[in-house]
Structures are given as C-alpha cells and as structure tokens.
Amino acid sequence: MTRNTAIGLTRIAVIAGSIALVELLCQRKIISPLVMIPPSEMMTSLWHMFGSHKIWDDIAQTFSTVALSFVLSVAAGFGFGALIHALPRVRRALDPLLASYYSIPFFVFYPLLIALFGLNTIPLIVIGFVFATAAMVISTLNGLDRVPRVMTKTARILRLSPARAVWSVTLPAAAPYLFTGLKLALAYSFIGVIAGEFILSGGGLGFSIAYAYNDFDSQTMYALMMFVLLIAVVMNGALHVWEQHMLKKRARA
Amino acid sequence: MNLAVAQAPQTAQAAVHARLRGVTRVFEGKLSVHALGPLDLDLARGEFFSVVGPSGCGKTTLMDLLAGLSEPTEGTITFEGKPVHGEVPDGIGAVFQEDASFPWLTVRDNIAFGLRRAGVDPAEIQRRVDYVIGFMGLKDFTAAYPAQLSGGMRQRVCIARTLVLQPRLILLDEPFGALDQQTRLLMGDELLRLWRETGATILLITHALDEAAMLSDRVGVMSARPGRFIDVITTGWPRERDSAIVADPAFGAVTARLWSLLRSESLKAIGAKG
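Here the protein sequences come in this chain order: A and B.
Read left to right, the first sequence gives residues 225 to 477 (the numbering used here).
Read left to right, the second sequence gives residues 17 to 290 (the numbering used here).
This is the structure:
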C-alpha cells in the first residue's frame, strides 16, 4: 500500500467513523430526534425528495446562480489581478485593502442589494461574486509573482507574441496558483449564494433549508443539509484530485 | 538531416556575424546604474567566443542586449548586418543559467515548443525533434517531465529546445553554472560537438575560467562595472577539440593569463584592494 493510499483510506475511515458515531448516538436517542435525525434517515428522506419537482427546481436555481457568480468572479478576479500586477504603484496602494478584504461582513449589504436589484437571483449572484472575487485576485497576483523571470525571457527568445506568451507560458507557469484561486472562488461562490438564499430569497437550496427549519420539518432540513454537504465534498474532492494530478507532474523528483 | 544552420544572406561583411559599437547600458532609477560600456565587439561567423568577468560586471546585460531583450542606452548592435532594436531577431537562440524547461510539458513537447508556435509542418517538427533528441542523448526520456530529470538533463532539454530551431547565433548565459565540475566538463564536450556540427556562432557567458579557456576560440575579459573588454585572448585551439585539452600545458597558460587579467578586477568588484 502506498503512502498516499494509506492517507486516503484514513481520511475515508475518519468520515465514515464520524457518520457511524452520529448514527449510533441518534439511534440510541442520546441525541434527541427533535435535535437531529440519524444520517440513514437523512439519506432516505433525500432519496424520496429526488422524486419531487421542488428539489430539482431548487438545485437548478442554486447551481445556476453559483455557476454565474463563479464564472464572473474568476474572469473579473483574474483580469483585475493581471491588471494590477502590471501596475506596481496601484498594487502597492491596493495590497492592504486586499489583505483585509475578508474582515468585511459582506452579508450586511445583502438587504441593500435586494433593495437595489429586487428579490431575484441578481443579489445572490452579486454577493457570491463579491465574496469570491478577492480570492481570485490574490491567487492571480501570487501566481504571476511566481512565474520565473527566465520563463518570460524564454518566451521572448522564442519570439512569441505577447498574447501567445501569456497563453503558452505565463498561464501554465502560474497554473498551480490560479488553480488555488479557482478552488477558493468556487467555495466562496457556494457559501455566498447558499447563505444569501438562507437570509432572504424565493427559492434555492438555502431558502428550502431555512423554510424547513421555520416549519419544524427536520426530515427535509437535514436531508437538504446533507445534500449540500455531499455536493461540497464531491466538488472539492474532484478539484483536489485534478490539482494533485497537475502538481504530480511538476513536483521535483 | 543534420543540425547545420541555414546560411544567412551574404553581405560584404559576411565574416562579421554580430557587431557592437559603443554599446552602453545605464539603468535609470532612483540610483542610476552604469552597468556596461562603452563596449565594442565583432563576433566572427562560426566562432566560439566566451566572455568572462567579475560578478556584476554586466555579462548578462551584454547578452540581453545582443539578444534584443533590452535596448542599449547608447551605441549600435547589428546581427547579420541588420540593427537589433530591443526585439529578438530571427536566427538567435539562447540558453540561460536557470532551469527554463517548461514543467508542464514532456521532454518531447518542450523541445517541439518553439517549432509548434512557429507553425512548422508537423512532419518536419517530428523529424527535427527526433534528430535533436538523438543528438542530445535524450532518447530514453522523451515522455518524461522535467521534474523527473536531473539538473544536467533539464539543461540538455533547454539546449535541445534551442538547437531544434537551428539558430545561427547561440547565446549561452552560464548554462552549466548549476552543475558539478565533472558534468560541466562533459557538457562542455557536448557543446563543442554541437558547435562543430551546427556551424553556429556561439557566445558563452561564464564565471569559470577553465570552461572559457577550454571551449573558446577567443575569450573576452571584462572589467568590473561598468563592464568593458580589457583584453580579448585568442586561444589558438584547433576546431576538433575536447575536454582532454585541459592536460595541454598551453591550456594552463591561457587560464593563468585570464586570471592575471581578472584578479584585480574581481577584487575591485568585491570592494577589496589588490
């Protein structure tokens, strides 16, 4: 068994063990059914919910909103990061703001966004976008800072046009850092959108969890919470595997 | 196929491949730094010319100027009779001291990189890449990524990526600087072999006096900053030569001459008195 396989199996064992422990505590009523239902019931409830239109509408709304805010934040974050990387004075002025960006509680602006854009998906896209963009800007700056100067010199010696040099040399050289930005932007978009739906929205997974909570509908609430958790784990896991595959090629022997 | 370079258009001054006249480089900033010159140099077509000098004397600046990677503050640079104006001319290749292999590409893709970007026919790319891979002894590593190779092998990949483009002037900025002495001697032999086969003009920047003495037809000795040539020594070695030349008494004489010229300049560079 390789070291990586052993680490992977340990990770799975920790997750499975935690779920089994919660299942046991719920089944023995050590955790009251009014507080939490067993994970097995969450899965059964989720399975039944897949038979209804409602959950698919929620999934479609949440996922399309996350996708939009993710794409917009990655594009804007990369563009802005590349721009201020090329303008060192502007960057010096903005660096402290970027460093303290996540100390701002953006959700306090959410009511303002609803007042501005109405109760639709736009405030959710904006909150996800605002939440995710800075991570992409910071990762872009990190990535571009770490492109070895010899790589850009090589691109010029090979007589590549500036656009081609960026596409064929700068971007691949900065890829591991940009990838970190993509991972964070996806996570932050997800958090921003679900939390926004939770606060005030007419649909989406966050809204349905909040609705079920207010309705004392533990079956639905926990089933949806488990679904969100599973989606987050699967997305993060897929990106992790992709990232490891990329880094493996580059790791010095 | 072989690696012989395509002949450049013949001019009245065909023997002179590259020419620098009154070249000066000053880096402007809060503290203006006069890095180089004024400096004159004629590189003959097909010669092996090395540049030695103390640290910070402007050797790399000289290479950047000749490659068109930066522009001189004063003076003119011509390559094959045409002025070099801060843009890399066709026919110049360069290998740097730092590892410049692309870690996201295999050895084969690294070597083919420049040809693909230049839009060369795929069959021609394959032919040229195969030849260079064989020439540089990389046959067993074509599918490997640079991370799986030693420092010396990665530098071979960079040299191969340059060679496959068949440059007429090859600039080498301390390409073996990070390698151990034995590997450097062997890489020196490889370099002489490819120089003979390609017929290219080579300008080698190096810190190592023995390397310069062993490889070169002529060695330019630079002063401490601002770098100027204080002397140019002709070694007189035959074209067919290799690292065995280090046992020749004449090799010791050339190296000693280089050091006698460089000693006081090196002391100046580190701020000591000779």
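For every residue, glycine included, the Cβ atom is placed at its ideal position computed from N, Cα and C.
Does the Cβ of residue i have 16 or more other Cβ atoms within 10 Å, making it buried, or fewer, making it exposed?
| i | result |
| --- | --- |
| W120 (chain B) | buried |
| Y326 (chain A) | exposed |
| R484 (chain A) | The question about residue 484 (chain A) has no answer here: the residues shown for chain A are numbered 225 through 477. |
| T226 (chain A) | exposed |
| I108 (chain B) | buried |
| D226 (chain B) | buried |
| R313 (chain A) | exposed |
| Q182 (chain B) | buried |
| L258 (chain A) | exposed |
| Q29 (chain B) | In this prediction, Q29 (chain B) scores a pLDDT of 45, lower than 50, which makes its location untrustworthy; no coordinate-derived value is stated. |
| R388 (chain A) | exposed |
| L336 (chain A) | exposed |
| K278 (chain A) | exposed |
| F112 (chain B) | buried |
| H33 (chain B) | buried |
| V173 (chain B) | buried |
| V270 (chain B) | buried |
| S48 (chain B) | exposed |
| W253 (chain B) | buried |
| G38 (chain B) | exposed |
| F440 (chain A) | exposed |
| I381 (chain A) | buried |
When DSSP labels each residue in this structure, what does residue i get in the three-state scheme?
| i | result |
| --- | --- |
| I255 (chain A) | coil |
| T229 (chain A) | helix |
| D319 (chain A) | helix |
| V457 (chain A) | helix |
| F95 (chain B) | strand |
| L220 (chain B) | strand |
| L52 (chain B) | strand |
| F118 (chain B) | coil |
| F274 (chain A) | coil |
| W275 (chain B) | helix |
| G109 (chain B) | strand |
| D156 (chain B) | helix |
| I298 (chain B) | As displayed, chain B neither begins before 17 nor continues past 290, which places residue 298 (chain B) out of reach and without an answer. |
| F440 (chain A) | coil |
| D125 (chain B) | helix |
| E256 (chain B) | coil |
| E87 (chain B) | coil |
| R172 (chain B) | helix |
| K46 (chain B) | coil |
| Q182 (chain B) | coil |
| D137 (chain B) | coil |
| L202 (chain B) | helix |
| P329 (chain A) | coil |
| H339 (chain B) | Outside the displayed span of chain B (17 to 290) sits residue 339 (chain B), for which this structure offers no information. |
| I261 (chain A) | coil |
| A462 (chain A) | helix |
Among all the DSSP beta bridges, which residues are the ones paired with residue i?
| i | result |
| --- | --- |
| R234 (chain B) | B:F65 and B:T250 |
| A327 (chain B) | The structure shown has nothing for residue 327 (chain B), since chain B only spans 17 to 290. |
| R41 (chain B) | B:L52 |
| D189 (chain B) | B:I221 |
| G243 (chain B) | B:L52 |
Beta carbon of residue i, beta carbon of residue j: below 8 Å?
| i | j | result |
| --- | --- | --- |
| F64 (chain B) | L231 (chain B) | yes |
| V68 (chain B) | L208 (chain B) | no |
| S117 (chain B) | G102 (chain B) | no |
| S276 (chain A) | T444 (chain A) | no |
| D205 (chain B) | S239 (chain B) | no |
| Y401 (chain A) | G367 (chain A) | yes |
| V361 (chain A) | A379 (chain A) | no |
| C250 (chain A) | I239 (chain A) | no |
| T251 (chain B) | D264 (chain B) | no |
| V148 (chain B) | I127 (chain B) | yes |
| R61 (chain B) | A83 (chain B) | no |
| L179 (chain B) | T217 (chain B) | no |
| K98 (chain B) | G243 (chain B) | no |
| G420 (chain A) | L348 (chain A) | yes |
| V145 (chain B) | R124 (chain B) | yes |
| I249 (chain B) | V262 (chain B) | no |
| R170 (chain B) | F129 (chain B) | no |
| R41 (chain B) | L81 (chain B) | yes |
Are there any heavy atoms of the ligand GDP lying less than 7 Å away from the beta-carbon of residue i, as far as the coordinates show?
| i | result |
| --- | --- |
| A475 (chain A) | Absent from the structure shown: the ligand GDP. Ligands present: none. |
Using a cut-off of 9 Å between C-beta atoms, extract the partners of residue i located in chain D.
| i | result |
| --- | --- |
| R474 (chain A) | Among the chains of the structure shown, chain D does not appear; the protein chains present are A and B. |
- Message: Closer than 8 Å is the cut-off here; do at least three beta carbon pairs connect the segment 189-198 of chain B with the segment 151-160 of chain B?
- Response: no
- With contact counted as at least three CB pairs below 8 Å, one residue from each stretch, are the segment 314-326 of chain A and the segment 374-393 of chain A in contact? no
- Cβ pair count under 8 Å reaching 3, the segment 284-304 of chain A against the segment 349-366 of chain A: yes
- Message: Would the segment 445-458 of chain A count as touching the segment 298-315 of chain A if we require 3 or more Cβ pairs under 8 Å?
- Response: no
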